[in-house]
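These notes concern the structure reproduced below.
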Amino acid sequence: MIKRILKKIVNQFYIVEKVYKVDLKDKYTIDNAYDYLVMDISQINLMFEEHKTEVDYSDVLKQRIEDHNFRTFAIKKGNSFCGFFNIAFDTCYDNITGYYFNKDNKDNIHLFHDYTFKKWRGKGVHKASIIYRMQYGIKNNKKSATTAIVKNNIASEKSYLSCGFKHVESLIALKFFKIKIKLIKRAI
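So for the sequence shown, my numbering puts the first residue at 1; every next one is plus one.
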């Protein structure tokens, strides 16, 4: 408990994200055990009604679906929502570090804000969502994909590494609560 409180305090001033990248090649097989759908407002409402005791990002996702730069997807098994995930096709601002992804690379997609609901964790949902987005990028003539993972999110790192992503740089944000003071990029 104390360790978690201290971590939250430290994260108000200092946070590290690892940036991963992969070149997209037409060699990925989508897991057909799941259904994938582009979200609309009614689907977002249904998803968070089903998982109302866990998290509620409905307002964020509703704003995102109105922006043509983004695609927000859900992954389902039968009638149950397993999670949601996002793609940015153009410039994407990272709220954690203040970095702009895709700013100078229009051939790249940025994968972000992945969430697997707790009862579906450990069942391949996250990896399936990554591969689905990689295929989606290929179908939209993109050459590469990036993602940023907060340091120590081991489960997410393992999923991306298993899909061929490589750690290419780290972003270190120094901040005073929500005000960004400095962003440091470190190549690997």
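Positions of the beta carbon are idealized from the N, C-alpha and C atoms, including for glycine.
Note that the structure is predicted; figures quoted are calculated from it, not measured.
Looking at the unbroken beta strand (DSSP E) that takes in D114, where does it start and where does it end?
-> 108–116
Check the C-beta distance from L111 over to R133 and give it rounded, since I have them as a contact under 8 Å.
-> 5 Å
Taking the runs of the beta strand (DSSP E) that are 3 residues or longer, which of them lie wholly in the region 64–93?
-> 70–77, 80–88
At what residues does the alpha helix (DSSP H) containing H126 begin and finish?
-> 125–139
Starting from F198 and walking both ways along the beta strand (DSSP E), at which residues does that stretch end?
-> Lying outside 1 to 188, the shown extent of the chain, residue 198 is not represented and no answer is given.
Applying the criterion that 16 or more other CB atoms from any shown protein chain within 10 Å of the CB defines a buried residue, is K139 buried or exposed?
-> exposed
Environment of A74 [buried if 16+ CB atoms lie within 10 Å] = buried
Decide yes or no for the touch test of the region 116–128 against the region 93–104: beta carbon pairs closer than 8 Å, at least 3 of them.
-> no
Ends of the alpha helix (DSSP H) at I96?
-> Run containing I96: none; DSSP gives neither H nor E here.
Buried or exposed for L174, please, with buried defined as at least 16 other CB atoms from any protein chain shown within 10 angstroms of its CB.
-> exposed
Should H51 be labelled buried (16 or more other beta-carbon atoms within 10 Å of its own) or exposed?
-> buried
Assign A33 to buried or exposed, taking buried as 16 or more other Cβ atoms, counted over all protein chains shown, within 10 Å of its Cβ.
-> exposed
What is the rounded straight-line gap between the Cα of V55 and the Cα of T116?
-> 11 Å
Euclidean distance between Cα positions of I2 and V150 = 20 Å
Nearest to K190 by CA position, among L183, F176, E169, is which residue?
-> The chain is shown only over 1 to 188; residue 190 falls outside these bounds and no answer can be derived.
Which class does I44 belong to by DSSP, given the choice of helix, strand or coil?
-> helix
What residues are listed by DSSP as bridge partners for L61?
-> Note: L61 sits in no beta bridge, so no partner.
Cβ neighbours of D90 in the same chain (closer than 8 Å, five flanking residues each side left out) = N69, N102, K106
If you check the beta carbons only, do N95 and A145 fall under 8 Å apart?
-> no
Neighbour-count burial assignment, G189, 16 or more Cβ in a 10 Å radius = For the chain, the structure presents residues 1 to 188; residue 189 sits outside this window and is missing.
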